[in-house]
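**Q** In the working numbering, the protein residues as written are 1 to 360.
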Ligand SMILES: Nc1nc2c(ncn2[C@@H]2O[C@H](COP(=O)(O)OP(=O)(O)O)[C@@H](O)[C@H]2O)c(=O)[nH]1
Ligand SMILES: [Mg+2]
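1. Answer with buried or exposed for residue 122, where buried requires no fewer than 16 other C-beta atoms within 10 angstroms of its C-beta.
2. Can you tell me the Cβ-Cβ gap for residue 70 and residue 96, rounded? I've got them flagged as a contact below 8 Å.
3. Quick one: Cα of residue 136 to Cα of residue 142, how far?
4. What is the DSSP secondary structure of residue 232, reduced to helix, strand or coil?
5. Grab me the residues of residue 287's own chain with a C-beta within less than 8 Å of its C-beta, minus the 5 sequence neighbours each way, in chain order.
6. At the level of alpha carbons, what is the spacing between residue 347 and residue 208?
7. When the Cα atoms are used, what is the spatial distance from residue 329 to residue 4?
8. Roughly how many angstroms separate the alpha carbons of residue 86 and residue 6, rounded to a whole number?
9. Could you pull the start and end residues of the beta strand (DSSP E) that residue 344 belongs to?
10. Identify the continuous beta strand (DSSP E) that holds residue 289 and give its terminal residues.
11. Restricting to Cα atoms, I'd like to know which of 126, 93, 179 is closest to residue 76.
12. Return the bridge partner residues of residue 352 from the DSSP annotation.
13. Thinking C-alpha only, which one of 345, 263, 352 is nearest residue 338?
14. Just how far apart, CA to CA, sit residue 186 and residue 38?
15. Are residue 274 and residue 193 touching if we call contact CB-CB under 8 Å?
16. In terms of alpha-carbon separation, which member of 261, 101, 64, 102 lies closest to residue 90?
17. Would you check whether ligand 2 has a heavy atom nearer than 7 Å to the C-beta of residue 362?
18. Apply the 10 Å Cβ neighbour rule to residue 324 and answer buried if 16 or more other Cβ atoms are within range, or exposed otherwise.
19. Near residue 108, which residues of its chain fall below 6 Å by C-beta distance, leaving aside the five closest residues on each side in sequence?
20. By the DSSP assignment, the alpha helix (DSSP H) with residue 54 in it spans what residues?
21. My parser needs the alpha helix (DSSP H) runs of 4 or more residues fully inside the region 179-266; what are they?
22. Please find out if some non-hydrogen atom of ligand 2 comes closer than 7 Å to the beta-carbon of residue 68.
23. Taking 8 Å as the cut-off, decide whether the C-beta atoms of residue 8 and residue 104 are in contact.
24. Hey, is residue 104 close to ligand 1, as in C-beta under 7 Å from one of its heavy atoms?
25. Hey, quick one: how far does the beta strand (DSSP E) through residue 90 stretch, first residue to last?
26. Taking the straight line between their C-alpha atoms, what separation do you get for residue 359 and residue 344?
27. Any idea if residue 220 is buried or exposed, counting beta-carbon neighbours within 10 angstroms, 16 or more meaning buried?
28. Can you check which of these residues, 172, 206, 133, is closest to residue 120 by C-alpha distance?
29. Below 8 Å between beta carbons: does that hold for residue 98 and residue 217?
30. Who are the near neighbours of residue 357 in its chain, counting only those whose CB is closer than 6 Å to its CB and skipping five residues on each side?
31. Mark residue 191 as exposed unless 16 or more other C-beta atoms lie within 10 angstroms of its C-beta, in which case mark it buried.
32. Can you look up residue 65 in the DSSP assignment and give me helix, strand or coil?
33. Is the beta carbon of residue 290 sitting closer than 8 Å to the one on residue 305?
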């Protein structure tokens, strides 16, 4: 699962990428369209609390992959290398400039909603181009030989075309699971879930400012459409935070009226937007978060740990993380009856702790 960071030039994409992945990103090489890739740790208080119960030798957080693609725009999207690169991501974070800084030029006044709409329009145009090409091809093929599948694809693409022509991204189009499968191969840009990230001014009331930013910049309605969300960060402050030790960071956050870093919220939101949840495995050797898709069955979840566990799955000893914390230990939880056995079809819940019982 990979999230692509997009946005207009000089809005804070690379800054965000660096803070997310703690990567030391140098100047791009000879190819300015090359994307930077990096992993970010998904902060998780639940896992931190569980590990205080076990004192494990190793504590492993879930990770999420980010890709810092070069600045977006109609021109960039015309380059097939750029567009193809962007197509491979599963979701998008669109960094929107909301900070004032006269020395850093922008396309005009600071207006995040305008920028959000413009970039979405570019994505729509790109998808429309793809669809038109494919429809031409399909029309020819259908003249030679009609098959039910080709006709279905033709109808679906026609519907998608009409939708796009009304300047609406495909992420807002209703589609059956079969239809989604049918067009998955196109990896349409406007179909990807999107998180709008407002990059706001530094201020002493940052906590409040971050809270209010989506309202202040009129992004509430726009970002509450299907498969979209909004959050706010302050790149400047996050960059300073990234350099600090934990206790120092705590004080620093408090001085801005913040209880948690905007980054934590941003990572959590992109995780949610990807449709991902975590379950935990615990023990004295290792406490660890595993990433699965929401709605996964226990047997499939076991496969996230190891394919053998999926193959030889018998049952999963399961307890929700807060019940385990509440009981204080697994034996206590067992006698309370909160630690229970679940079968292969159990739908794993976000925050479950599991021991997979397996044969072989
Ligand atoms: N004032 C201010 N400047 C920022 C902020 N975030 C990024 N910048 C500056 O904006 C410029 C462009 O940032 P960069 O991350 O390279 O943007 P990109 O072109 O979108 O990758 C750099 O000079 C950053 O220091 C912010 O939150 N506040
Ligand atoms: Mg950059």
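Backbone N, C-alpha and C fix where the C-beta goes; we use that ideal spot for every residue, glycine too.
**A** Here's the rundown:
1. Burial call: buried.
2. Contact between residue 70 and residue 96 does not hold, since the beta-carbon distance rounds to 17 Å and is not under 8 Å.
3. So the two alpha carbons sit approximately 10 Å from each other.
4. DSSP places residue 232 in strand when its eight states are reduced to three.
5. For residue 287, where only same-chain residues beyond five positions count, the Cβ hits under 8 Å are 47, 50, 51, 54, 56, 58, 59, 60, 280, 281.
6. Inter-residue distance for residue 347 and residue 208 is about 38 Å (C-alpha atoms, whole angstroms).
7. Residue 329 and residue 4 have their C-alpha atoms spaced approximately 40 Å apart.
8. Across the structure, residue 86 and residue 6 are spaced so that their CA atoms are roughly 9 Å apart.
9. No beta strand (DSSP E) contains residue 344, which DSSP labels as neither H nor E.
10. Bounds of the beta strand (DSSP E) holding residue 289 are 286-293.
11. Cα-wise, what sits closest to residue 76 is 126.
12. Answer is 320.
13. With distances taken between CA atoms, residue 338 lies nearest to 352 out of 345, 263, 352.
14. Roughly 25 Å separates the two Cα atoms.
15. In this structure, residue 193 lies closer than 8 Å to residue 274 by Cβ.
16. For residue 90, the nearest C-alpha among the options comes from 64.
17. With the chain running from 1 to 360 in the structure shown, residue 362 is simply not present.
18. Around the beta carbon of residue 324, 16 or more other beta carbons lie within 10 angstroms, which makes this residue buried.
19. Same-chain partners within the cutoff: there are none.
20. Per DSSP, residue 54 belongs to the alpha helix (DSSP H) from 45-54.
21. Correct list: 206-216, 220-223, 235-242, 246-255.
22. At least one heavy atom of ligand 2 sits closer than 7 Å to the Cβ of residue 68.
23. Cβ atoms of residue 8 and residue 104: not closer than 8 Å.
24. Indeed, a heavy atom of ligand 1 lies less than 7 Å from the Cβ.
25. Annotation: residue 90 is outside any beta strand (DSSP E) and is labelled neither H nor E by DSSP.
26. Rounded to the nearest angstrom, the two C-alpha atoms are 14 Å apart.
27. Classification of residue 220: exposed, given that the 10 Å Cβ count is below 16.
28. Looking at the Cα atoms, 172 is the closest of the given residues.
29. Yes, the Cβ-Cβ distance between residue 98 and residue 217 is below 8 Å.
30. So the list reads 314, 315, once near-sequence residues are dropped.
31. That one is buried.
32. For residue 65, the three-state secondary structure derived from DSSP is strand.
33. Yes, the pair counts as a contact, with Cβ atoms nearer than the cut-off.
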